[in-house]
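Taking it in order: structure first as structure tokens, then the write-up.
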Ligand SMILES: Nc1ncnc2c1ncn2[C@@H]1O[C@H](COP(=O)(O)OP(=O)(O)OP(=O)(O)O)[C@@H](O)[C@H]1O
Ligand SMILES: Nc1ncnc2c1ncn2[C@@H]1O[C@H](COP(=O)(O)OP(=O)(O)OP(=O)(O)O)[C@@H](O)[C@H]1O
Ligand SMILES: [Mg+2]
Ligand SMILES: [Mg+2]
């Protein structure tokens with residue numbers, strides 16, 4: 007379990023990026039964080055992995071406070087894909103980049119190659135092992151970053167807009183992969199996203215606005231709260247929006263149509 | 002003619018000598034100076050960003066020529082024209098705005114291009130403030146562009162080209178990382194600029210809803226060559242979208258479902274949810 011308790015953070019400026027935010031994430035839960043640009047989502051991600059320290063409040067992993075003497079143990083449990091994949095890469099080519107992460111996790115060398123092949127294949131990047139990360143296309147960088155995190159087999163995986171540059175088919179594949187990690191491998195997942203269809207699939211959602219956590223709950227409840235969504239530059243996912251907009255018209259009396267729309271929604 | 006590709010190939014050098022990656026192959030493409038709204042789509046690594054960089058002479062072709070207004074870009078380095086006029090007429094927002102921003106403050110960054118192209122300081126500042134307001138980033142004008150959130154950086158980079166009013170806008174995933182309202186507002190902004198001034202706009206996107214709502218022409222890249230160049234309706238009516246690793250826009254997926262489920266025959270000239278609701282009303286009234 008992760009506990010985020012009364013955390014406050016400001017980058018050396020007057021404005022606080024995160025203002026007294028508290029929430030918790032249960033083991034095996036899939037949490038999504040949504041909210042307008044600059045609302046503090048990535049700052050929360052950086053706090054969670056100890057890249058930056060709260061100025062007030064604390065972050066606990068299974069009751070253990072995240073601080074200097076615990077950070078190494080905790081980092082082994084948590085993998086993060088950053089919003090800009092270039093902030094991720096350390097190796098001079100794709101193979102060494104992923105190997106570097108595995109080495110940090112003390113994976114024996116004899117197992118490394120197999121893991122690297124398995125996960126780069128899963129994201130369709132097996133042919134690029136000798137490439138320098140900076141020469142990859144945007145979507146290729148994201149795929150490699152995801153493969154690297156998956157290979158590390160962390161209990162908790164944080165994905166900060168990790169599918170934003172993928173092609174439509176690739177996005178569907180990676181979302182299916184996240185669902186599998188969650189249901190089959192029991193990972194705890196935190197996705198930060200502007201993709202409302204993705205957020206809809208998670209167990210729990212946090213809505214951020216101007217550094218505040220303004221609402222949390224199950225996707226079906228959050229996406230009912232149209233005013234709250236709009237106040238943080240959000241919207242309903244398409245399938246729900248269709249129901250909402252159609253039901254405002256005389257078509258609301260067309261039972262056959264409304265039933266079909268609800269059925270469509272439930273398939274999403 | 003605005004931009005014209007003739008038999009263009011682009012190879013990137015490989016890891017080993019004599020190895021290379023073919024990013025573009027035999028590209029022939031004519032883009033009008035005015036009134037085009039083109040979406041370039043395709044799978045990861047299919048060559049979209051490389052193609053777009055050629056439209057602003059950021060690269061030299063390995064083979065073939067690219068004509069940008071009156072300038073012709075060839076593989077030979079020393080034969081190429083000075084590029085200031087190209088840069089002035091064609092504005093480019095990169096896929097990674099991080100690498101486009103470089104000044105001390107966001108305001109200075111947005112003023113950079115207009116100053117470079119001969120605006121006075123007062124004009125440049127007024128223009129920068131005007132576009133910042135349009136994009137809703139007035140509050141961050143005095144911040145360093147490196148201390149912004151992802152979406153704020155994207156908007157700052159977009160402001161940097163709107164500030165000097167180029168004739169053609171090249172936008173590599175302009176809505177990526179923007180919140181849903183920000184994405185919608187910025188597409189409306191581009192659309193209005195296009196409608197009001199007739200400027201040609203070319204964008205790369207993975208968002209098929211955007212393609213279907215706004216584009217008047219779609220260019221599909223598939224492993225370095227152009228596999229489709231035409232209207233958006235035909236792309237999704239046939240199996241072409243599937244062969245090119247695309248998915249249907251949300252509105253078409255819902256139409257397919259309703260047509261199948263309820264026996265409707267709503268056509269694909271339906272671009273938004275609002276359009277769909279109008280058609281549903283017709284069906285309902287006639288049935
Ligand atoms: N390195 C930094 N220095 C100073 N301020 C920063 C820095 N990084 C972010 N900020 C500011 O902190 C606030 C929160 O930023 P954060 O990156 O957490 O937003 P976000 O919700 O992830 O936004 P986006 O959806 O655009 O990625 C913003 O106002 C931003 O300008
Ligand atoms: N500097 C480079 N050196 C070597 N290969 C490169 C370089 N830049 C791009 N490539 C390769 O060229 C191909 C096309 O890349 P490009 O960036 O144009 O793709 P893209 O269609 O924009 O992809 P994405 O949607 O992922 O951004 C890819 O296979 C990529 O790995
Ligand atoms: Mg962010
Ligand atoms: Mg690209």
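Protein chains in written order, with my numbering: chain A, 7 to 274; chain B, 2 to 288.
We put the beta carbon where it would ideally sit given N, CA and C, even for glycine.
Original post:
Using a threshold of 7 Å, is the CB atom of residue 150/B nearer than that to any non-hydrogen atom of ligand 3?
Top reply: For the purposes of this step, residue 150/B is identified with residue 149 of the second chain, where counting begins at 1. Residue 150/B: yes, Cβ under 7 Å from ligand 3.
**OP:** Can you pull the chain A residues whose beta carbon is under 7 Å from the beta carbon of residue 215/B, in chain order?
**Re:** Residue 215/B sits at position 214 when you count from the first residue of the second chain. Neighbours of residue 215/B on chain A: none; closest Cβ ~16 Å, over 7 Å.
**OP:** Tell me the start and end of each unbroken alpha helix (DSSP H) in the segment 77-155 of chain A that is at least 4 residues and wholly inside, in chain order.
**Re:** As far as the segment 77-155 of chain A is concerned, its whole alpha helix (DSSP H) runs of at least 4 residues are 77-83, 100-110 and 115-128.
Subject >> Cβ distance (whole Å) where residue 245/B is taken to contact residue 284/B below 8 Å >> reply: Along the second chain, read from residue 1 onward, the residue named residue 245/B stands at position 244. Along the second chain, read from residue 1 onward, the residue named residue 284/B stands at position 283. So it is not a contact: roughly 31 Å between Cβ atoms.
Original post:
How would you label residue 181/B, buried or exposed, when you count the other beta carbons within 10 angstroms and need 16 or more for buried?
Top reply: By one-based count along the second chain, residue 181/B stands at place 180. By the C-beta density criterion, residue 181/B is buried, having at least 16 other C-beta atoms within 10 angstroms.
Subject >> Under 8 Å from the C-beta of residue 137/A: neighbouring residues of chain B >> reply: Sequence index remark: in the first chain, residue 137/A carries index 131 (1-based). Under the 8 Å cutoff, chain B gives 16.
Subject >> Simplified DSSP state of residue 16/B, which is helix, strand or coil >> reply: If you number the second chain from 1, residue 16/B lands on position 15. Of the three classes helix, strand and coil, the one that applies to residue 16/B here is coil, per DSSP.
Subject >> Alpha-carbon to alpha-carbon, residue 60/A and residue 163/B >> reply: Looking up residue 163/B in the second chain gives position 162. Looking up residue 60/A in the first chain gives position 54. Residue 60/A has its alpha-carbon roughly 38 Å from the corresponding atom of residue 163/B.
Original post:
Taking 8 Å as the CB-CB limit, is residue 125/A close to chain B?
Top reply: Within the first chain, numbered from 1, the residue matching residue 125/A stands at position 119. With respect to chain B, the C-beta atom of residue 125/A has no partner C-beta closer than 8 Å.
**OP:** Compute the beta-carbon to beta-carbon distance between residue 217/A and residue 45/A, rounded to the nearest angstrom, for a pair I have assumed lies under 8 Å.
**Re:** Here residue 217/A is taken as the residue at index 211 of the first chain, counted from 1. Here residue 45/A is taken as the residue at index 39 of the first chain, counted from 1. Confirmed, Cβ separation roughly 7 Å.
**OP:** Go to residue 236/B, then tell me how far its alpha helix (DSSP H) extends in each direction, as first and last residue.
**Re:** As a working note, residue 236/B is residue 235 in the second chain. 233-238 is the extent of the alpha helix (DSSP H) around residue 236/B.
**OP:** Measure the C-alpha to C-alpha separation of residue 236/A and residue 29/B and round it to an integer number of angstroms.
**Re:** As a working note, residue 236/A is residue 230 in the first chain. As a working note, residue 29/B is residue 28 in the second chain. In a straight line, the C-alpha of residue 236/A is about 44 Å away from that of residue 29/B.
Original post:
Any C-beta of chain A sitting closer than 8 Å to the C-beta of residue 246/B?
Top reply: Translated into positions along the second chain, residue 246/B becomes position 245. Chain A contact via Cβ: present.
**OP:** Scan the segment 200-224 of chain A for residues whose Cβ lies nearer than 8 Å to a Cβ of chain B and list them as they occur along the chain.
**Re:** Here the close residues are 200 and 202.
Original post:
Going by alpha carbons, who is nearest to residue 220/A out of 233/A, 209/A, 131/A and 208/A?
Top reply: Translated into the one-based positions of the first chain, residue 220/A becomes position 214. Of the residues 233/A, 209/A, 131/A and 208/A, the one whose Cα lies closest to the Cα of residue 220/A is 233/A.
Original post:
What does residue 90/B reach in chain A if we use C-beta pairs closer than 9 Å?
Top reply: Counting from one through the second chain, the residue named residue 90/B turns up at place 89. Ordered by position in chain A, no residue passes the 9 Å Cβ test against residue 90/B, which lies about 26 Å from the chain.
Original post:
Is the beta carbon of residue 159/A sitting closer than 8 Å to the one on residue 34/A?
Top reply: Working through the first chain from its first residue, we reach residue 159/A at position 153. Working through the first chain from its first residue, we reach residue 34/A at position 28. No Cβ-Cβ contact shorter than 8 Å links residue 159/A with residue 34/A.
Original post:
Rounded C-beta distance between residue 94/B and residue 39/B? I'm assuming under 8 Å.
Top reply: For the purposes of this step, residue 94/B is taken as residue 93 along the second chain, with counting starting at 1. For the purposes of this step, residue 39/B is taken as residue 38 along the second chain, with counting starting at 1. Actually they are not in contact, since the Cβ atoms of residue 94/B and residue 39/B sit about 15 Å apart, beyond 8 Å.
Original post:
With 16 as the cutoff for other CB atoms within 10 Å, does residue 7/A come out buried or exposed?
Top reply: Working through the first chain from its first residue, we reach residue 7/A at position 1. Counting C-beta atoms within 10 angstroms of its own C-beta, residue 7/A has fewer than 16 neighbours from the protein chains shown and is therefore classed as exposed.
**OP:** Indicate whether residue 110/A and residue 153/B have their beta-carbon atoms separated by less than 8 Å.
**Re:** Counted from its first residue, the first chain places residue 110/A at position 104. Counted from its first residue, the second chain places residue 153/B at position 152. One thing to note: residue 110/A has its Cβ no nearer than 8 Å to the Cβ of residue 153/B.
**OP:** Determine, using beta carbons only, whether residue 110/A comes closer than 8 Å to chain B.
**Re:** Counted from its first residue, the first chain places residue 110/A at position 104. False, the Cβ-Cβ gap to chain B never drops below 8 Å.
Original post:
What number of angstroms, rounded off, separates the C-alpha of residue 243/A from the C-alpha of residue 7/B?
Top reply: Residue mapping note: residue 243/A aligns to position 237 of the first chain, counting from 1. Residue mapping note: residue 7/B aligns to position 6 of the second chain, counting from 1. So the alpha carbons of these two residues sit roughly 42 Å apart.
**OP:** Specify the secondary structure class of residue 50/B as computed by DSSP and reduced to three states.
**Re:** Position 49 of the second chain, counted from the start, is the residue given in the question as residue 50/B. When DSSP states are grouped into helix, strand and coil, residue 50/B belongs to the helix group.
Original post:
Going along chain A in order, which residues have a C-beta closer than 8 Å to the C-beta of residue 282/B?
Top reply: Walking along the second chain from the start, residue 282/B turns up at place 281. Within chain A, the residues near residue 282/B are 255, 256 and 257.
Original post:
Quick check: the segment 169-185 of chain B against the segment 201-221 of chain B, are there 3 or more CB pairs under 8 Å?
Top reply: Counting C-beta pairs closer than 8 Å gives three or more between the segment 169-185 of chain B and the segment 201-221 of chain B, which meets the contact rule.
Original post:
Is it buried or exposed for residue 115/A, if we count other Cβ within 10 angstroms and need 16 for buried?
Top reply: For the purposes of this step, residue 115/A is identified with residue 109 of the first chain, where counting begins at 1. Result: exposed.
**OP:** Could you check which residue in 178/B, 54/B and 252/B has the C-alpha nearest to that of residue 41/B?
**Re:** In the second chain, the residue the question calls residue 41/B occupies position 40. Closest in C-alpha terms to residue 41/B, from the list 178/B, 54/B and 252/B, comes 54/B.
Subject >> Alpha-carbon spacing of residue 189/A relative to residue 206/A, whole angstroms >> reply: Numbered from 1 along the first chain, position 183 holds the residue referred to as residue 189/A. Numbered from 1 along the first chain, position 200 holds the residue referred to as residue 206/A. Pairing residue 189/A with residue 206/A, the inter-Cα distance amounts to about 15 Å.
Original post:
At least one CB of chain A closer than 8 Å to the CB of residue 287/B: is that the case?
Top reply: Residue 287/B sits at position 286 when you count from the first residue of the second chain. So no, residue 287/B is outside the interface.
Subject >> DSSP-derived helix/strand/coil call for residue 19/A >> reply: In the first chain, the residue the question calls residue 19/A occupies position 13. Coil.
**OP:** Would you mind working out which of 134/B, 89/B, 190/B and 74/B sits nearest residue 117/B, comparing C-alpha positions?
**Re:** In the second chain, counting from the first residue as 1, residue 117/B sits at position 116. Considering only alpha carbons, the answer is 89/B.
**OP:** Just tell me which of 251/A, 194/A and 211/A has its CA closest to the CA of residue 225/A.
**Re:** In the first chain, counting from the first residue as 1, residue 225/A sits at position 219. Of the listed residues, the one whose Cα sits closest to residue 225/A is 211/A.
Original post:
How many angstroms separate the CA atom of residue 170/B from the CA atom of residue 103/A?
Top reply: In the second chain, residue 170/B corresponds to position 169, counting from 1. In the first chain, residue 103/A corresponds to position 97, counting from 1. The straight-line gap from Cα to Cα measures roughly 36 Å.
Original post:
How many angstroms separate the CA atom of residue 145/A from the CA atom of residue 256/A?
Top reply: As a position in the first chain, residue 145/A is number 139, starting the count at 1. As a position in the first chain, residue 256/A is number 250, starting the count at 1. One C-alpha to the other measures close to 44 Å.
Subject >> For residue 210/A, the residue or residues it bridges with in DSSP >> reply: In the first chain, the residue the question calls residue 210/A occupies position 204. Under DSSP, residue 210/A forms a beta bridge with 37/A.
Subject >> residue 164/B (DSSP reduced to helix, strand or coil) >> reply: Working through the second chain from its first residue, we reach residue 164/B at position 163. DSSP places residue 164/B in coil when its eight states are reduced to three.
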